[in-house]
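Each residue of the sequence shown is one higher than the one before, counting from 1 in UniProt numbering.
Following: one structure in structure tokens, then a few remarks.
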Amino acid sequence: MPARRPGRPAKRHLIVDAAKRVFLRHGYVDASIEMIAAEAGASKQTIYNHFEGKEQLFAAVVQAVQQSAIAASETAFAGEFEGTGDIDRDLRAVFRLIVRLNLSGDVAAFRRLVFIEQMRHPELMEKWTQARPAFELSIREEVEQQVRLGVLDVDNLDLAVHQLILLVFNEAISQSRYGLRELSGEEIAKIIDDGVDMWLRCYRTR
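Written out as structure tokens, the structure is:
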């Protein structure tokens, strides 16, 4: 393998963007450094100046997709979500936004790719799941505020937030077969309502 040299950030960004398109078009297994170089309008040596190989390049693409999702979530929350102080209403609103953002676009497309390829390449799923959900902090802050107000009785905040995400977000991803099946608005609403109701029955102060 050619020796790597430090490369320019702008060129690196172009390579990652080209790799994203190639991975989505051909899948991880069939994608090659040659394809990515052609897509980026660069030489193979230029690719290797920035990345050791396809696996490291895929990890960089996953990181870029995750960072883009974080930025989109922050923008959406700032523009669309205003907490009302009603934990029941706020959690449903948060998850409507979260599910909508995560079942469309590059995030959904890469989740499908990782799901399809995970049997042959389990390391891809590991790379995908290493990043914490971009929305986790927003949910945690909402729950923490309601604990301070005495609305919720939570001993282990990390566990409670994790359980809530499993009940709603992970359930939506699972029912969509990791984005292979489009969920109807009614299906999404039921997943959110059922998950939030179950979680609140456990943690609402009695």
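Backbone N, C-alpha and C define an ideal beta-carbon position, used for all residues, glycine too.
Per DSSP, the bridge partner or partners of residue i
i, result
"R204", "L152"
Nonlocal neighbours in the same chain, by C-beta distance under 8 angstroms from residue i, ignoring five residues either side
i, result
"E39", "A18, A19, R21 and V22"
"G27", "L113, I116 and E117"
"R92", "I192, D193 and V196"
"Q175", "R181, L183, E187 and I191"
"A109", "L24 and G179"
Beta-carbon proximity of residue i to residue j, cut-off 8 angstroms
i, j, result
"A59", "K127", "yes"
"A31", "K54", "yes"
"Q146", "I70", "no"
"residue 232", "D106", "What the structure shows of the chain is the stretch from 1 to 206, and residue 232 is not part of that stretch, so it cannot be assessed."
"E136", "I165", "yes"
"V29", "R120", "yes"
Own chain, CB closer than 7 angstroms to residue i, minus 5 neighbours either side, in chain order
i, result
"I47", "I15, I33, I36 and A37"
"A160", "V143, V154 and Y203"
"V61", "V16, A19, K20 and F23"
Sequence-distant residues of its chain with Cβ nearer than 6 angstroms to residue i (five each side left out)
i, result
"R111", "Y178 and G179"
"H162", "none"
"M125", "V114 and Q118"
"W199", "L164 and L167"
Is it true that the segment 100-110 meets the segment 169-184, where meeting means three or more beta-carbon pairs spaced less than 8 angstroms apart?
Note that the segment 100-110 touches the segment 169-184; at least 3 beta-carbon pairs, one per stretch, sit closer than 8 angstroms.
Extract the residue ranges of the alpha helix (DSSP H) inside the segment 15-67, only unbroken runs of 4 or more that lie entirely within it.
33-40 and 44-50
In chain order, what are the residue ranges of uninterrupted alpha helix (DSSP H) at least 4 long that sit wholly in the segment 135-185?
136-148, 157-165 and 171-175
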